[in-house]
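Numbering (the numbering used here), first residue to last: 65 to 601.
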């Protein structure tokens, strides 16, 4: 535990070696204050709270508009989905002149809106397939899992339950078997119909890959299947899609993360619990290039599991085909935004999406859009200590290396075989006296030294001179990796600074020694937000 605190303090100190606090996006504090007070509901956007939400949505539209031409799917008052933004952004193409010539939108927004209206009942809580990231003309989408029979038929107070947002709302569901539903329904083909529209929407968005993060095949509450999933659809309606079952712990598991002083290293999920029945299942052709032993997934700690799943998702979207990707869990507002946010930030750090946004701006966008406006229940999660939201941004320190860079994939495709030069491993093996300090950011060559599996090299522009003459492509690549690390560290630092001054310290409990312990307090001292005269734990 002490090691984790020291690493956090080192990270904070490194990111602010100039003595200045990390830059913060205007309004980020207000956003986190609002986020930590109430769950977003589209129908409640009125009054004082409504004006704040309107400012948040307006800011998101402005940030999207910096780099993209987009259309808006209207969801005023939550008419389509109560926990989706009032103005759902559909990115059509990048607005730079170069990208306009490369990709053309093939989607008619009016038809998309019609498909959304028809397909929304196919998924849990009406959280339909929604495109949120555009990369190389491919749509990366999010949603909830498929709705079960209990949601489609016979539920008393359905609208009330699903506007409430609490997972325990399933307690009011009537115990109805699939056979009973078919008998009671005046339209025995409703199941085929709604899932048929869901499939049409997926195809219209050119989605081929569906990544399911559920640890269950079906969500069961009080003896009833309240949700389903594509992987267990009895009629195999989704057989034409490439289905990936990549089970990932739900938000409840992240209470253990907080209880361990925000240390994810060594934290392993208990896969032997009764409700866990979804095995990991990934088509072989998607795993052969990743050099990961997927048979060991139940022995991975939270860091390694998150890293490997992110590598898989990045590999899919960097493939040569033009197909899109859908990521979902059960409700689509905990695990789903975790991976959507990590994908957005990783691609941004490589300069491949949202190219004009600064670190503070991309942070605001992903917190506001990917988490807040898509209904993450931060208030509830904080009250239970389930800090998956905090984990997402603290985890950025584990994806700074070239393993997660999409530039690496592009470089391998374009780099001639004879232009070998030094590899990343060669440079990392340089003698200590040749590369200077391993911790000082002022050195010609520096490394981030952490005990996590994600630790990797950090290159300054001066370090690129170590590459042999003639290897200009590799020099540019190394410079880009340096920029990737710097950008992700700035995002993480800005988040921790704002979180600690708004949400974090209020939620932190005093340690037995009387001091506020843990990662956040160490960070606050490291960035100079609080004096160091107080006693340390």
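No residue lacks a Cβ here, since even glycine has one placed at the ideal position from N, Cα and C.
By the 10 Å Cβ neighbour count, where 16 or more other Cβ atoms means buried, how is residue i classified, buried or exposed?
i: residue 343; result: exposed
i: residue 145; result: buried
i: residue 347; result: exposed
i: residue 393; result: buried
i: residue 131; result: buried
i: residue 556; result: buried
i: residue 355; result: exposed
i: residue 243; result: For residue 243, the pLDDT reaches just 41, beneath the cut-off of 50, and the residue's location in the model is therefore unreliable, leaving the point undetermined.
i: residue 445; result: buried
i: residue 349; result: exposed
i: residue 497; result: With a pLDDT of only 33 at residue 497, under 50, the local geometry of the prediction cannot be trusted, and no value is derived from it.
i: residue 143; result: exposed
i: residue 432; result: buried
i: residue 440; result: buried
i: residue 158; result: buried
i: residue 458; result: buried
Determine the contact status of residue i and residue j, defining contact as a CB-CB distance below 8 Å.
i: residue 551; j: residue 419; result: no
i: residue 280; j: residue 339; result: yes
i: residue 150; j: residue 109; result: yes
i: residue 276; j: residue 310; result: yes
i: residue 558; j: residue 424; result: yes
i: residue 264; j: residue 179; result: yes
i: residue 470; j: residue 378; result: yes
i: residue 428; j: residue 95; result: yes
i: residue 171; j: residue 268; result: yes
i: residue 405; j: residue 370; result: no
i: residue 549; j: residue 426; result: no
i: residue 454; j: residue 563; result: yes
i: residue 325; j: residue 201; result: no
i: residue 173; j: residue 120; result: no
If I measure Cβ to Cβ from residue i and keep anything under 6 Å in the same chain, skipping five residues before and after, which residues do I get?
i: residue 398; result: 315 and 452
i: residue 99; result: 436 and 442
i: residue 259; result: 186 and 301
i: residue 273; result: 306, 380 and 389
i: residue 204; result: 197 and 389
i: residue 361; result: 344
i: residue 330; result: 365
i: residue 408; result: 197 and 430
i: residue 93; result: 562 and 566
i: residue 176; result: none
What are the start and end residues of the beta strand (DSSP E) that includes residue i?
i: residue 156; result: 151-158
i: residue 202; result: 202-207
i: residue 257; result: Unbroken run through residue 257 is the alpha helix (DSSP H), 254-268; no beta strand (DSSP E).
i: residue 274; result: 271-276
i: residue 196; result: 194-199
i: residue 132; result: 132-138
i: residue 340; result: Neither: residue 340 is in no beta strand (DSSP E) and is coded neither H nor E.
i: residue 392; result: 388-392
Within the same chain, show all residues whose beta-carbon is closer than 7 Å to that of residue i, passing over the 5 residues directly before and after it, in chain order.
i: residue 134; result: 128, 153, 154, 155 and 156
i: residue 282; result: 212, 289, 291, 292, 293 and 296
i: residue 141; result: 106 and 107
i: residue 208; result: 187, 188, 189, 191, 392, 394, 395 and 396
i: residue 336; result: none
i: residue 402; result: 452 and 456
i: residue 416; result: 199 and 470
i: residue 318; result: 450, 451, 452 and 455
i: residue 468; result: 374, 375, 378 and 410
Let's see if you can read the secondary structure: which residues bound the alpha helix (DSSP H) around residue i?
i: residue 96; result: 92-101
i: residue 401; result: 399-413
i: residue 210; result: Here residue 210 belongs to no alpha helix (DSSP H), and DSSP marks it neither H nor E.
i: residue 373; result: 366-381
i: residue 423; result: 423-429
i: residue 309; result: No alpha helix (DSSP H) holds residue 309; the beta strand (DSSP E) holding it covers 306-309.
i: residue 446; result: 442-448
i: residue 171; result: Run containing residue 171: none; DSSP gives neither H nor E here.
i: residue 320; result: 318-323
i: residue 455; result: 452-458
Sorted by chain position, which residues of the same chain lie with C-beta nearer than 8 Å to residue i's C-beta, five sequence neighbours on each side aside?
i: residue 323; result: 449
i: residue 139; result: 106, 145, 148, 149, 150, 151 and 152
i: residue 183; result: 192, 193, 258, 261, 262, 264 and 265
i: residue 255; result: 213 and 216
i: residue 271; result: 193, 203, 205, 305, 387, 388, 389 and 390
i: residue 116; result: 94 and 98
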